[in-house]
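In full-length UniProt numbering, the protein residues as written are 1 to 748.
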């Protein structure tokens, strides 16, 4: 080994390059995750190639200064540069795998396994003449399993194929880390003593492990790994053997990679909630605490015990048993993967079919056309759930082989992913409001003229509104309106038998439709409910569960609600394409059920009101205005599917309504605007029962009586910015309850 230069400048350069590497990697990896997560909220999708480009740029920005260190005078600085250069190479090469959409997580993991595996094999061949010390393997495995312990409690496994691939990727990642931080890497840090090995070598190894983490997994879990792996650099320094490092990194990587679904780390799902993002952060904190304990314990004990493989193996087995105890004791055992939503080619023809006869026609067609597929699924012991409102089947599998088999069947039109969220350690807290109960009708009701309509005797009496949302809390504002009976509540998420709501979205929106005490448009209407969005991210099957329930509660179409308020959308991230639920809305309209849907909150960009079900012609789609009758900037715009959308607008900013944990809250969104229109339809139909079920005539009246809206808020483009047609921003105008009720009474 050559003597070290006395010049401090190479050391100073190494410090700055290390800091540069950490800063650049976090900025680029975290920044692109944030961009790709937020863009869909504005109606834009992040290009898949963008992730590849970010990875390559990250690699180049680290590789250039690291390469300069590689040829500096000090051996320790050279070793640092070599390790960081190798880590940068992993970031650049693995960036290719990020071209696989996260919805195809199994394929992404498979690609990463191949790439990491090839890199590890090539590196092993290149290092074939080096000493392969294996006496630290057990200690490394024990340390990695200890780091993964919190994840067995906080997270949940995906499907079995996804989980097996995650294990394989972790093994390959560990193998690469072992080659990157092999025995030769540690030699310059072992002189003059062990303190330098632990502190300096650990820091340098931590930066290298940051790069390994950045290259591993999909966007999202890689950020968790970037928090978990670098602190283990000190434990790696205590081990300073490739087999120990490989085992350490493999087992530690298993936590974020196997127990967290990248799609569930979305800000949409996690902001202001205790969803998986919250639990993942707790797991990160647990892994960091373990890393500190490992640094202290291994720094003192491993030198004495490294030559005792039996003891190391015993400790590793004990840690494995502890992990299994946590997983089966307080975790969520089993596989919790996505499923497949299979849409059949043959859909029922409803021409000439109306009212309660619609359900029988749909059911009969589905039973006949699904017979062959269901028999084949049973033969393969695959679980499924069959639907008839859309002729479709949700299959309890997500592996590529089953997908290919289903797609090749003559009776199958297409196979969509049906994302299922993995279970959490605890259910979410029930949302509470901080505002007092209103003492008079709120501004939003006055803006649309609801009190004037009440004076005519129209208050929603005799009308039933169906809500599909996060649920409904039985608070005073809405409890008296519950229709009751065994066919008025359905919860496909949790199986609850009575109304409940955690998030508050469903309670708030229903309150605006029919809540008592000055918050609801139709305070004497009744309601039934269904949970389709318990955790703010669902799938085609959950949405269809509720729509099918609304068509025939308890299987009885005579008990169907008159009006449906739908403050939800099913974007591609949740498994829907533009036609997924089209047949469902045709069926509901044929049955005479009025369907109201939110336009979405992706404005002010044009063409953003294009999520299911807002884009369908059978949906009365609602945008949002504020107190000043200005269209809000967040309200999604048309055109959508070649049609003008939204149809009308309603109050959707600062709307006060009830919350399930008590109190009231002022919320924003087209979700808040939508129930106003459902309530107005209830007023119209209570004023003139002859209109009940006449969807087309009711739509005409709503649009014809809407009051003009000529302004947008300050953050928006001009009102005619979308195709030159103001109706793509404000529809026919602001819904007018008083005028609509008057016109409804006059209708014949």
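Ideal Cβ placement from N, Cα and C applies to all residues, glycine included.
For residue i, name the three-state secondary structure that DSSP assigns.
i: residue 11; result: helix
i: residue 292; result: helix
i: residue 643; result: strand
i: residue 421; result: coil
i: residue 566; result: strand
i: residue 735; result: coil
i: residue 456; result: coil
i: residue 4; result: A caution first: residue 4 carries a pLDDT of 49, below 50, which makes its placement in the model unreliable, though a value can still be read off. Note: residue 4 maps to coil in three-state DSSP.
i: residue 350; result: coil
i: residue 658; result: strand
i: residue 414; result: strand
i: residue 616; result: coil
i: residue 550; result: helix
i: residue 740; result: helix
i: residue 333; result: coil
According to DSSP, residue i sits in a beta bridge with which residue or residues?
i: residue 651; result: 625
i: residue 435; result: 664
i: residue 489; result: 529
i: residue 630; result: 711
i: residue 501; result: 471
i: residue 482; result: 527
By the DSSP assignment, the alpha helix (DSSP H) with residue i in it spans what residues?
i: residue 586; result: 582-590
i: residue 147; result: 137-154
i: residue 170; result: 160-180
i: residue 183; result: 183-186
i: residue 116; result: 105-126
i: residue 672; result: 670-687
i: residue 727; result: 727-730
i: residue 696; result: 695-705
i: residue 54; result: 48-70
i: residue 102; result: Residue 102 -> no alpha helix (DSSP H), and no H or E assigned at all.
i: residue 242; result: 242-259
i: residue 234; result: 233-239
Within 10 angstroms of the Cβ of residue i, are there 16 or more other Cβ atoms? Answer buried if so, exposed if not.
i: residue 86; result: buried
i: residue 12; result: exposed
i: residue 2; result: Only weak support is given to the placement of residue 2: the predicted model assigns it a pLDDT of 48, under 50, and the question is left unresolved by the model.
i: residue 333; result: exposed
i: residue 498; result: exposed
i: residue 686; result: buried
i: residue 98; result: buried
i: residue 485; result: exposed
i: residue 49; result: exposed
i: residue 44; result: exposed
i: residue 394; result: buried
i: residue 505; result: buried
i: residue 645; result: buried
i: residue 558; result: exposed
i: residue 204; result: buried
i: residue 647; result: buried
i: residue 630; result: buried
i: residue 440; result: exposed
i: residue 352; result: exposed
Is residue i near residue j, with beta carbons less than 8 Å apart?
i: residue 21; j: residue 64; result: no
i: residue 177; j: residue 316; result: no
i: residue 528; j: residue 553; result: yes
i: residue 152; j: residue 331; result: yes
i: residue 633; j: residue 577; result: no
i: residue 326; j: residue 512; result: no
i: residue 460; j: residue 523; result: yes
i: residue 532; j: residue 568; result: yes
i: residue 339; j: residue 418; result: yes
i: residue 422; j: residue 261; result: yes
i: residue 673; j: residue 649; result: yes
i: residue 437; j: residue 664; result: yes
Can you name the start and end residues of the beta strand (DSSP E) that residue i belongs to?
i: residue 527; result: 526-531
i: residue 595; result: 594-598
i: residue 464; result: 464-469
i: residue 749; result: Because the chain in this structure spans residues 1 to 748, residue 749 falls outside the shown range and cannot be described.
i: residue 340; result: 339-344
i: residue 395; result: 392-395
Just to check, is the beta-carbon of residue i closer than 7 Å to a non-hydrogen atom of the ligand SAM?
i: residue 638; result: Looking at this structure, you won't find the ligand SAM or any other ligand, since it has none at all.
Answer yes or no: does any C-beta atom of chain D fall closer than 8 Å to that of residue i?
i: residue 23; result: Among the protein chains of the structure shown there is no chain D, as only one such chain exists.
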